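Line order of the protein sequences matches chains A and B.
Take 159 as the starting number for the first sequence in this note's numbering and just add one per residue.
Take 167 as the starting number for the second sequence in this note's numbering and just add one per residue.
These notes are about the structure you will find just below.
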Amino acid sequence: GQQLNQSPQSMFIQEGEDVSMNCTSSSIFNTWLWYKQDPGEGPVLLIALYKAGELTSNGRLTAQFGITRKDSFLNISASIPSDVGIYFCAGPAMTGANSKLTFGKGITLSVRP
Amino acid sequence: GAGVSQTPSNKVTEKGKYVELRCDPISGHTALYWYRQSLGQGPEFLIYFQGTGAADDSGLPNDRFFAVRPEGSVSTLKIQRTERGDSAVYLCASSLGSPAEQFFGPGTRLTVL
Numbered sequence: 159g160q161q162l163n164q165s166p167q168s169m170f171i172q173e174g175e176d177v178s179m180n181c182t183s184s185s186i187f188n189t190w191l192w193y194k195q196d197p198g199e200g201p202v203l204l205i206a207l208y209k210a211g212e213l214t215s216n217g218r219l220t221a222q223f224g225i226t227r228k229d230s231f232l233n234i235s236a237s238i239p240s241d242v243g244i245y246f247c248a249g250p251a252m253t254g255a256n257s258k259l260t261f262g263k264g265i266t267l268s269v270r271p
Numbered sequence: 167g168a169g170v171s172q173t174p175s176n177k178v179t180e181k182g183k184y185v186e187l188r189c190d191p192i193s194g195h196t197a198l199y200w201y202r203q204s205l206g207q208g209p210e211f212l213i214y215f216q217g218t219g220a221a222d223d224s225g226l227p228n229d230r231f232f233a234v235r236p237e238g239s240v241s242t243l244k245i246q247r248t249e250r251g252d253s254a255v256y257l258c259a260s261s262l263g264s265p266a267e268q269f270f271g272p273g274t275r276l277t278v279l
């Protein structure tokens, strides 16, 4: 089945720094999604990308849909303590009802004040 | 504004018992999804409803798992003869139709002793 790869598992940065996260797949996705999950909560959609090469921003967040459709990255600029959490990339299945999302394992971000 | 709600927030049960987990989607959302999230992993798809019918149940791990959505709104995930390996956070999400814009509830943490 489709798999999304995220590494490293954890990232540690200083408040105010920028951070970039990558997500790769061995198969093509037509949509790339980035979610953030806080402890005890469900994932919250940050950015959705629908077109290869698309670059989309949401405040301090910027995400790009790779040209090959097999990767995406998320940048967070000028990090703040509330950026702490787990960041997941996800994409809809390419087969069947095209409804279920496949998630990566996530990257846990820690921000040192 | 009401988001997706899930009850109970925590459920502790003994091996072999039956459990029901409830999901109240966002009002008007026709699509409802169940996912399971184990520690250190991203959510994994279980089942998807469009209206009252299960459009895709390919993620249900075995026949101990069953879900219903009799009136096209509230859904119940039912697990029979629970096993310790069923311990996880069970997430529910709903959307208006686009699989990309799924809104997640806070989840139910199930612990099977």
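Ideal Cβ positions, reconstructed from N, Cα and C, are used throughout, including at glycine.
Since the structure is predicted, the reported quantities are computational estimates derived from the model, not experimental observations.
**Prompt:** Would DSSP call R218(A) helix, strand or coil?
**Reply:** coil
**Item:** Top-ranked residue by Cα proximity to L213(A), from P201(A), G200(A), R227(A) and V202(A)
**Value:** R227(A)
**Request:** Output the distance between the C-alpha atoms of G238(B) and I171(A), rounded to the nearest integer angstrom.
**Result:** 45 Å
**Request:** Select from L262(B), S224(B), Y184(B) and A168(B) the residue whose C-alpha is nearest the C-alpha of R250(B).
**Result:** Y184(B)
**Prompt:** On the three-state DSSP scale, how would you describe S240(A)?
**Reply:** helix
**Prompt:** G238(B) CB to nearest chain A CB: under 9 Å?
**Reply:** no
**Request:** Would you identify the three-state DSSP class for G206(B), choosing helix, strand or coil?
**Result:** coil
**Request:** Select from the stretch 180-194 of chain A all residues with a C-beta closer than 7 Å to any C-beta belonging to chain B, and list them in chain order.
**Result:** T189 and L191
**Prompt:** Where does R250(B) sit, in a helix, a strand or coil, going by DSSP?
**Reply:** helix
**Asked** Does the beta carbon of F246(A) sit closer than 9 Å to a beta carbon anywhere in chain B?
**Response** yes
**Request:** Counting only the same chain and skipping the five closest in sequence on each side, list residues whose C-beta sits under 6 Å from that of A206(A).
**Result:** L191
**Message:** Can you confirm whether A168(B), when its beta carbon is compared against all beta carbons of chain A, has any partner nearer than 9 Å?
**Reply:** no
**Item:** Given G262(A) as reference, the closest of R270(A), P250(A), S268(A) and E199(A) once Cα atoms are compared
**Value:** P250(A)
**Request:** Give me the Cα-Cα distance between D196(A) and Y256(B), rounded to the nearest whole angstrom.
**Result:** 15 Å
**Message:** With a threshold of 6 Å on Cβ separation, who are the neighbours of T173(B) within its own chain once the five nearest residues in sequence on each side are excluded?
**Reply:** R188
**Message:** Closer than 7 Å between beta carbons: that is the criterion. Which residues of the stretch 210-223 of chain B meet it against chain A?
**Reply:** F211, Y214, A221 and D222
**Asked** For the candidate residues S240(A), R270(A) and S184(A), whose alpha-carbon lies nearest to that of Q160(A)?
**Response** S184(A)
**Prompt:** On the three-state DSSP scale, how would you describe G181(B)?
**Reply:** The residue asked about is misnamed: residue 181(B) is Lys in this sequence, not Gly. Three-state result, K181(B): coil.
**Prompt:** Along chain B, which residues have their Cβ under 9 Å away from the Cβ of L204(A)?
**Reply:** Near L204(A) there are no residues of chain B at all, since even the closest Cβ is about 12 Å away, more than 9 Å.
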